[in-house]
Each structure stands twice: as C-alpha cells, then as structure tokens.
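Colleague: Mind looking over this structure? Questions follow.
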Amino acid sequence: MDTPFAPTPTSHFFTSLRTRLHYLDWGNSSAPTLVLVHGGFDHGRSWDWTARALAKDYHVVALDLRGHGDSGWSADGAYMMTNYVYDLALLVDLLDRSPIRIVGHSLGGSIALRFAGLFPDKVDKIVAIEGLGLSPHRIQEKAQESEPDRWRNWIESRRASARRTPKRYPTIEAAVGRMRERNEHLSLEQALHLTMHGVNRNEDGSYSWKFDPYLNGAAPQAGSDDDLPAFWRQISAPTLLCLGLGSWASNPVKDGRAAHFTNARLVEFADAGHWLHHDQFNRFIAELRAFL
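In terms of numbering that gives the first Met the number 0, the sequence shown is numbered consecutively and its last residue is 291.
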C-alpha cells in the first residue's frame, strides 16, 4: 500500500549483526527510493532539510549508522567498515525497491560508494559529499607507520577512551554552542535542530551526545582508504562528487581519484566547508534535483 508524503518522518527499526538499527521513513513509498547516509558523529535527522525538499518526489529513507543517533552501539566497540556496509546492504534488501538512489556524506559517502561497487545493479544514481576518504597524500603519510605500530596505537587509544568520562553539557544551549564551534557555517536554527536530535538527557539533567564515544579511532582492520579505488571502478551508476571549497578535503579531480570512476562528475561549492549540504543548502538541493 502506498504511503503519502509525510511532513515529519516515522521511526523504524531493524536488526543487523545483532545490533538494533534505526531509520527514518518520509513516506511516499510508491516513488523511487532515495537512501540518505550521514557521516561520522552525526545522525539521520541531519538530513531533515534535504528530506523535506525531496520527499514529494522520492521515497526518502535516512539511516542512523550503528553507534549513531537512535541506533544501537556495537557490543565490541570496533565499528568495522564491513559492518557498516553490511548494514546498508541489509536495509536496501529490506526496503526491496532496488535499484535505489543514494546520497552519502563523509563516512556515509565512503560506505555508500563501497556498497555501489559491490552491488552495482542495486544503485541507479549515487551522490558522495566528500566521501572519498583520505587524499592520496594522507594515505602515503599513513603508510609510513608500520602495521604493528598502528595496532599498538589503536589499543592505547581504546584504553584511553575507556578511562575518559563522556562530555556532559549543563544546558542545551551549551551543546548548541559546541555544535556551532564544529561548523561555523551553521545558522542558529540549524545548530539547534541538529543538537536537539543529537543528544540524550542524563539523569542529572545534563546533556550528552548520542554517538558512541568508541567511534573515536577506527580499528586497524576496519577497512583502509587505499582499497577504495577497487570499489569505485566497479560502480556503474552515474556518480556526483561534491566538494566544499572551504573544506579540508582534497579535490578528487586534481589528486587523481576521480579518474577511477567510469561516470563521475565533480561539483564544487564556494563558501562551504565539509558539511556543504548545510552550508549551501539551496545550491546543493538544486544540484541534487538536477542530478537525480
């Protein structure tokens, strides 16, 4: 049965690798399916503006990655890339509307591009907002570190995380302030929305971020960025790569990464950082509509 476009989404849960995961469904289920995948230390409600703009034309679904938003935390705290991709693949199969369109930001883009390379027949079009991982230069720098050193550093960082008390904010305003420090382009309205959906209230009345603190520091075997081109070469869907000119991310055309795609185009956004879909929302939606 078709469901009408919903001005607010409904919450749904499914189990993947023994973890309870959450996603938002914006209705309009007879329309082409568009899956939105957020980045690290973020959540599915980060896509609300995008979802509202597109939900009359698409069946929009926004996933909370494991360890983020209202999804469960991984029992082992390792957060393997393979698990993220498995979660997305399972959700797409459960939705049963392939081929889908998909938009991923940062970590979500990296996950989505791997999925599209593994299952090219299940993806109609894909958008990656700064989702290509580390630049070739940074990968080369990391390669100077030996594998045993990488493992030791991860063990030390994980033990440090276990000793660390999660940050608490006395008021919602304090948490909003931290959100705006992280992205100075955010308006007060954007920061408040992202914060309200990104925190839980503690028993003492303070606020803490929903994401698992163990997301800091990926396990060494979690999936390295230098294997990404092998996935990109398998993608058959038209691909839109988005870059904020004020971001730390490297330009994939200039550094050669875009050449690994069969059918990819780069769009640059002036006056935008890593969260360009917030920083230049109107232009982003215009580009997204035209591409989709």
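Using N, Cα and C, we set each Cβ at its ideal position, and we do this for glycine too.
1. What residue range does the beta strand (DSSP E) around R200 cover?
2. Are H104 and G68 closer than 9 Å when you measure CB to CB?
3. Determine the DSSP secondary structure at G132, reduced to helix, strand or coil.
4. Nearest to I110 by alpha carbon, out of P98, V126, V84?
5. For a quick check, are the C-beta atoms of D86 and L16 less than 9 Å apart?
6. Tell me the rounded alpha-carbon separation between M0 and N27.
7. Fully enclosed by the region 140-183, which alpha helix (DSSP H) runs are 4 residues long or longer?
8. Can you tell me which of A52, R100, Y213 puts its alpha carbon nearest to the alpha carbon of N281?
9. Give the DSSP bridge partners of E267, in chain order.
10. Per DSSP, what kind of secondary structure is Y85 in: helix, strand or coil?
11. How far does the alpha helix (DSSP H) with A50 in it reach, from first residue to last?
12. Could you give the C-beta distance for F118 and A88, rounded to a whole number, given that I count them as a contact under 8 Å?
13. Measuring alpha carbon to alpha carbon, tell me which residue in N82, D75, K124 is nearest S97.
14. Straight-line CA distance for M195 to I171?
15. From what residue to what residue does the alpha helix (DSSP H) around D211 run?
16. Inspect the beta-carbon positions of G76 and Y213 and report whether they are closer than 9 Å.
17. Assess contact between the region 217-236 and the region 252-270, defined as three or more Cβ pairs (one per stretch) separated by less than 8 Å. Is contact present?
18. Taking only runs that begin and end inside the region 87-111, name each unbroken alpha helix (DSSP H) of 4 or more residues, in chain order.
19. For D92, count neighbouring Cβ atoms within 10 angstroms of its own Cβ and tell me buried if that reaches 16, exposed if not.
20. Using 8 Å as the cut-off, can you tell me whether the region 177-190 makes contact with the region 266-277, which would need three or more C-beta pairs spanning the two stretches below that distance?
21. Pick out whichever of A161, L242, N250 has its Cα sitting closest to the Cα of N293.
22. Only counting the same chain, and skipping five residues up and downstream in sequence, which positions put a Cβ closer than 6 Å to that of R19?
Modeller: With the structure as the only source:
1. Within the sequence shown, numbered from 1, the residue matching residue 200 stands at position 201. That run of the beta strand (DSSP E) goes 198-200.
2. As a first step, residue 104 is located in the sequence shown; it is residue number 105 there, counting from the start. As a first step, residue 68 is located in the sequence shown; it is residue number 69 there, counting from the start. No; because the gap between Cβ atoms is not below 9 Å, this pair is not in contact.
3. Numbered from 1 along the sequence shown, position 133 holds the residue referred to as residue 132. Coil at G132, not helix or strand.
4. Start at 1 with the first residue of the sequence shown, and residue 110 comes out as number 111. The shortest C-alpha separation from I110 is found at V84.
5. Against the sequence shown, residue 86 aligns to sequence position 87. Against the sequence shown, residue 16 aligns to sequence position 17. Contact flag set, yes.
6. Within the sequence shown, numbered from 1, the residue matching residue 0 stands at position 1. Within the sequence shown, numbered from 1, the residue matching residue 27 stands at position 28. Reliability of the predicted coordinates at M0 is poor, the pLDDT of 46 falling under 50, and the value obtained from them is presented with this limitation in mind. Distance between the alpha carbons of M0 and N27 is about 10 Å.
7. 146-162, 171-181
8. In the sequence shown, counting from the first residue as 1, residue 281 sits at position 282. Closest option to N281, Cα to Cα, is A52.
9. Taking the sequence shown and counting its residues from 1, one reaches residue 267 at position 268. DSSP lists L242 as partners of E267.
10. Here residue 85 corresponds to residue number 86 of the sequence shown, with the count starting at 1. Reduced to three states, the DSSP call for Y85 is helix.
11. Along the sequence shown, read from residue 1 onward, the residue named residue 50 stands at position 51. That run of the alpha helix (DSSP H) goes 47-53.
12. As a first step, residue 118 is located in the sequence shown; it is residue number 119 there, counting from the start. As a first step, residue 88 is located in the sequence shown; it is residue number 89 there, counting from the start. Taking 8 Å as the upper bound for CB-CB distance, F118 and A88 are in contact here, some 7 Å apart.
13. In the sequence shown, residue 97 corresponds to position 98, counting from 1. The shortest C-alpha separation from S97 is found at K124.
14. Residue mapping note: residue 195 aligns to position 196 of the sequence shown, counting from 1. Residue mapping note: residue 171 aligns to position 172 of the sequence shown, counting from 1. In this structure, the alpha-carbon of M195 lies about 8 Å from that of I171.
15. For this step, residue 211 is matched to residue 212 along the sequence shown. It is not in any alpha helix (DSSP H) - D211 carries neither H nor E in the DSSP assignment.
16. Against the sequence shown, residue 76 aligns to sequence position 77. Against the sequence shown, residue 213 aligns to sequence position 214. In contact: G76 and Y213 (Cβ atoms closer than 9 Å).
17. Touching, yes, given that three or more Cβ pairs across the two stretches are closer than 8 Å.
18. none
19. The residue labelled residue 92 in the question sits at position 93 within the sequence shown. Classification of D92: exposed, given that the 10 Å Cβ count is below 16.
20. Enough Cβ pairs lie closer than 8 Å, so yes.
21. One cannot answer for residue 293 here, as it falls past the ends of the chain, which runs 0 to 291.
22. Numbered from 1 along the sequence shown, position 20 holds the residue referred to as residue 19. Here the set comprises F12, G71.
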